[in-house]
Amino acid sequence: MVNENPFKSILKTLEKPGGEFGKYYSLPDLNDPRIDRLPYSIKILLESAIRNCDEFQVKSNDVEKIIDWENTAPKLVEIPFKPARVLLQDFTGVPAVVDLACMRDAMNNLGGDSNKINPLVPVDLVIDHSVQVDVARSENAVQANMELEFQRNKERFAFLKWGSNAFQNMLVVPPGSGIVHQVNLEYLGRVVFNTNGLLYPDSVVGTDSHTTMIDGLGVAGWGVGGIEAEAAMLGQPMSMVLPGVVGFKLSGKLRDGVTATDLVLTVTQMLRKHGVVGKFVEFYGEGMSELSLADRATIANMSPEYGATMGFFPVDHVTLQYLKLTGRSDETISMIESYLRANRMFVDYSEPQIERMYSSYLALNLEDVEPCISGPKRPHDRVPLREMKADWHACLDNRVGFKGFAIPKESQSKVAEFSFRGTPAELRHGDVVIAAITSCTNTSNPSVMLGAALVAKKACELGLEVKPWIKTSLAPGSGVVTKYLEKSGLQKYLNQLGFHIVGYGCTTCIGNSGDIDEAVASAITENDLVAAAVLSGNRNFEGRVHPLTRANYLASPPLVVAYALAGTVGIDFETEPIGVGKDGKKIFFRDIWPSNDEVAQVVHSSVLPDMFKATYQAITKGNPMWNQLSVPSGTLYAWDSKSTYIHEPPYFKSMTMSPPGPHGVKDAYCLLNFGDSITTDHISPAGSIHKDSPAARYLMERGVDRRDFNSYGSRRGNDEVMARGTFANIRLVNKLLGGEVGPKTIHISTGEKLSVFDVAMVISSKLLHMLSSPVMLYVLTEKSWEQKYPGLCFNSGLLMRYKSEGRDTVILAGAEYGSGSSRDWAAKGPMLLGVKAVIAKSFERIHRSNLVGMGIIPLCFKPGEDAETLGLTGHECYSIDLPSNVSEIRPGQDVTVVTDNGKSFTCTLRFDTEVELAYFDHGGILQYAIRNLIHTNH
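Taken in order, the sequence shown gives residues 36 to 973; the numbers are from this note's numbering.
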């Protein structure tokens, strides 16, 4: 039932010369002085609540909560939010479209209208995560890598092309177009929507955690789980806690030689220390005028790394200048400025500023920022460049951890000699084997991209070279970068150093770094070397960039070039030469580093509006390989049971119209016992599929050659592969293994050490009673299984059908469980393995939401407590008693956990809102959405 909007009286007309732009809900017409003191980011939530108020999904009381933000935010009140649009990339987009297709089937089975499963808001899906750096250091790299990308992903791409035709309101941007967040910034971002004559602020939720990059454009955007995004597509309001807002005041200007990357790494460290999880960060102050829009976007991009929901920069004149630069029309820019000024959401620094209220305050003088990098294993472990050599040697000495590798003193100077294509070569600890200019964080920023090209030019003119065994690559975030590099005449110098363009998409930063040379790989593994990667990315978690680079450092693009030239991270750039020039003279870092003025001059002369217009006019036209893909017609997808890429998931198989109700946990085994900072890469890796893994066995049994395994990320449309890939990260540290590193765990009742998938299946299935040795079930081939058990299908689905008769499992974890990418398979996978609850010291925001969406209970230890302080080893059985009636459960209530050896402790139930409890009652957010749509239809 649609009710009349109670705020219709403030619906006004926005005039323009000779006519009108449209209607809008006027915040000033509420005549409430509290609104003027609200942070700009909260005003966007307020406008959305007013515009969508129907006294059903969004109520007048919700509007009052937001207006009274100063008093209500500290109380953690719940509000609904309906974003203007949804953003997807292909790694997360494929499973989202799979879920939508499956939901259509479920609607049919329950007697509903399957066409109700259609996006009600614009959905933009950019295919950017599938390209790998298979070919590097070659003029032909872009074409060669794209051909391999299509060979591997033809089935996935055809499925997405089907989805763009089968679903309304869905735009699919073909492969080879750029990185989703740069495309969003330069092209998709509206800033202000005009839909059928109604004006309102652009806002977006995306299934990639770095959706926050658009915050630099003054668009409210953040990452959510795929399942939460799917519900938003279907018109469900997102339930969120009204966030606190940290005011971050900027002053001064960056010193010469300091980059936006240095700034964002400094900001990340400051905000991590301050504590901003679940909060907005809003930037303000006179220093804002010194930051280009691209610099702002760099800072906003890394919101997940500093833990905030958003890093927001309100719209001002710098924003309008960027919109003009990127080819937005004068009419559009005029509408944006007029609307935001009328609603007092535009910052004009030429006018007196109203003092805004923030939850807490931070300040940074930009002059205090110094050159730095971050690593070797976490983005917020910043190291000033002047301290890098000392820090590196300390990492070699330190015990194994985020800042340590525990290399014995006598082994630290080890030299591994090998032959590289017939030439003698050497590797040492800390030598660079991958140097990648990659990632949306930096490739959207002309100053650092052209800065890197100027470093290359100076280095080439002085006669410096990059060692041939270092895998160098350049993956721009859009075709605009190529245009301005060519216009500047600097691309040839990058090519000369091996930084040829390899493709347009996410590459090394998400683990799509491709293989390194076999001789280099052998030298690393045979000598147990700590090899290094240096990349201009935003994530450097262990095992993410490449399995053989244990040290991974985040750096600006110019520094990536500098470290490639040096060949090692163990160098003091102040006192040691970076190399020897063509005349035998020692060349130092200062000799190749450009000044800010040099960079600014090249940016001004090379980055032009026509480049953006030409690039994006052609973006949806695709390329010959995309255009030749044939796709099935019809609004219901014809599932192919033999497909190893697209498979019908089991989520709705036994679904009825009646919600199943809440569930507790009874005598559950601990599947895994973790420490702090377990990332979604640990839980559900996106990279290569190891030849000895359960996923590899599954693929080989279906005739897939090892060379065609592709990556886990590319196979997210197949639940069979992804369940087997859950906790398959080769760098997994599970306390049940007593220090051993790898994707295995202990079957508690037998003490056997198996892959996590195999143990989960043994625990959760009564099929083990059918075998004299339960382990045999997982080493049988498909053929031998059928001989032993004729008529029983060999797949995990059979095991799943026995799950309800088997044993539940739980996971123990430390702080920041689920940090990293907003990866819905990091919740779907554990659910399919039978995990019923995760007990952790704290959760990353998006991952907790994903667990809730999949019906997994998130519990937090009380402050000062964890598994170790409570004496929990993970060898116990765990019971969690919850009422069977959801009305008896409260958000955030205390829950008692009892073990079979007599221990009892209290945890906080991390269902944070009433709506999340409703999802739990329904068995998950998608089940809730389906039942809701059917009821609404009836």
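Quick reminder that beta carbons are idealized off the backbone N, C-alpha and C, glycines included.
If you're wondering where the values come from, they're calculated on a predicted model, not measured in any experiment.
Whole-Å CB distance - residue i paired with residue j, under 8 Å assumed
i: Lys726; j: Arg742; result: Between Arg742 and Lys726 the Cβ distance is about 11 Å, and since that is not below 8 Å, they are no contact.
i: Arg634; j: Ser482; result: Looking at the sequence provided, one finds Val at residue 634 rather than Arg. Yes, they are in contact, since the Cβ atoms of Val634 and Ser482 sit about 5 Å apart, within 8 Å.
i: Ser409; j: Leu300; result: 5 Å
i: Arg391; j: Arg72; result: 6 Å
i: Pro592; j: Ala487; result: 4 Å
i: Asn575; j: Tyr588; result: 7 Å
Outcome for residue i when other beta-carbon atoms lying within 10 angstroms are tallied against a minimum of 16
i: Trp257; result: buried
i: Tyr704; result: buried
i: Lys876; result: buried
i: Met370; result: buried
i: Gly888; result: buried
i: Asn231; result: exposed
i: Glu82; result: buried
i: Gln186; result: exposed
i: Ser61; result: buried
i: Trp197; result: buried
i: Tyr374; result: buried
i: Leu803; result: Here Leu803 scores only 38 on pLDDT, less than 50, and its place in the model is too uncertain to base an answer on.
i: Val580; result: buried
i: Tyr396; result: exposed
i: Ala398; result: exposed
i: Ala795; result: buried
Through-space distance from residue j to residue i, alpha-carbon basis
i: Ile214; j: Ser939; result: 49 Å
i: Val810; j: Thr715; result: Residue placement at Val810 is poorly supported in this model, since its pLDDT is 34, which falls under 50; the coordinates still yield a value, given next. Whole-angstrom Cα-Cα distance: 28 Å.
i: Arg376; j: Ile368; result: 12 Å
i: Val450; j: Pro893; result: 48 Å
i: Tyr954; j: Asn143; result: 21 Å
i: Lys656; j: Gly616; result: 46 Å
i: Thr48; j: Val121; result: 27 Å
i: Ile846; j: Pro582; result: 25 Å
i: Leu353; j: Ser324; result: Here residue 353 is Val; the residue named in the question, Leu, does not match the sequence. About 7 Å.
i: Asn753; j: Val950; result: 29 Å
i: Leu220; j: Val161; result: 13 Å
i: Asn378; j: Lys117; result: 19 Å
i: Thr691; j: Ile960; result: 15 Å
i: Gly270; j: His309; result: 35 Å
i: Trp820; j: Arg191; result: Unreliable placement is indicated for Trp820, whose pLDDT of 39 sits below 50; no coordinate value is reported for it.
i: Val133; j: Ile249; result: 26 Å
i: Tyr598; j: Leu233; result: 51 Å
i: Ile101; j: Lys314; result: 15 Å
i: Leu661; j: Arg417; result: For clarity, residue 661 is Trp in the given sequence; the question names Leu instead. Distance between the alpha carbons of Trp661 and Arg417: 41 Å.
i: Ala558; j: Pro778; result: 24 Å
i: Glu461; j: Val467; result: 12 Å
i: Val565; j: Asp426; result: 14 Å
i: Val756; j: Ala267; result: 27 Å
i: Pro130; j: Gly841; result: 28 Å
Proximity test, Cβ basis, 8 Å: residue i and chain C
i: Thr127; result: Within the model displayed, chain C is absent; a lone protein chain is all it includes.
- prompt: Between the segment 270-283 and the segment 356-374, do at least 3 Cβ pairs fall closer than 8 Å?
  reply: no
message: Between the segment 508-525 and the segment 538-551, can you find at least three pairs of beta-carbon atoms closer than 8 Å?
response: yes
query: Which ranges would you report for the alpha helix (DSSP H) in the segment 516-542 if only whole runs of at least 4 residues count?
result: 526-531
- prompt: Which residue spans inside the segment 771-795 form an unbroken beta strand (DSSP E) run of at least 3?
  reply: 779-782 and 787-790
- prompt: Three or more C-beta pairs closer than 8 Å, one from the segment 963-972 and one from the segment 914-929: is that the case here?
  reply: no
Length at least 4, wholly inside the segment 218-281: the alpha helix (DSSP H) runs in chain order: 261-268
Three or more C-beta pairs below 8 Å linking the segment 77-96 and the segment 153-167: no
- prompt: Can you find at least 3 beta carbon pairs, one from the segment 470-482 and one from the segment 326-336, that sit closer than 8 Å?
  reply: yes
Any alpha helix (DSSP H) of 4 or more consecutive residues that is wholly inside the segment 80-150: 95-102, 104-107 and 125-144
message: Taking contact to mean 3 or more Cβ pairs, one atom from each stretch, closer than 8 Å, check whether the segment 557-574 and the segment 202-210 are in contact.
response: no
query: If you pair each beta-carbon of the segment 546-566 with each one of the segment 258-266, do three or more pairs fall below 8 Å?
result: no
task: Could you name each continuous alpha helix (DSSP H) segment of 4 residues or more that falls completely within the segment 881-965, going from the start of the chain to the end?
output: 949-957
Stretch-stretch touch, CB-based, cutoff 8 Å, three pairs: the segment 636-654 with the segment 511-523: yes
query: How do the segment 169-179 and the segment 520-539 stand: do at least 3 beta-carbon pairs fall below 8 Å, yes or no?
result: yes
message: Whether or not the segment 592-604 and the segment 306-320 are in contact is what I'm after, with contact meaning three or more pairs of Cβ atoms, one per stretch, closer than 8 Å; do they touch?
response: no
Sufficient close CB pairs (3 or more, under 8 Å) joining the segment 903-919 to the segment 673-693: no
- request: Kindly provide the ranges of any beta strand (DSSP E) runs that are 3 or more residues long and lie completely inside the segment 554-599, ordered along the chain.
  value: 567-570 and 586-589
- request: List in chain order: all unbroken alpha helix (DSSP H) runs of 4+ residues lying wholly within the segment 443-495.
  value: 475-478
task: Only counting runs of 3 or more residues, tell me where the beta strand (DSSP E) segments fall wholly within the segment 347-429, in order along the chain.
output: 395-400, 407-409 and 417-419
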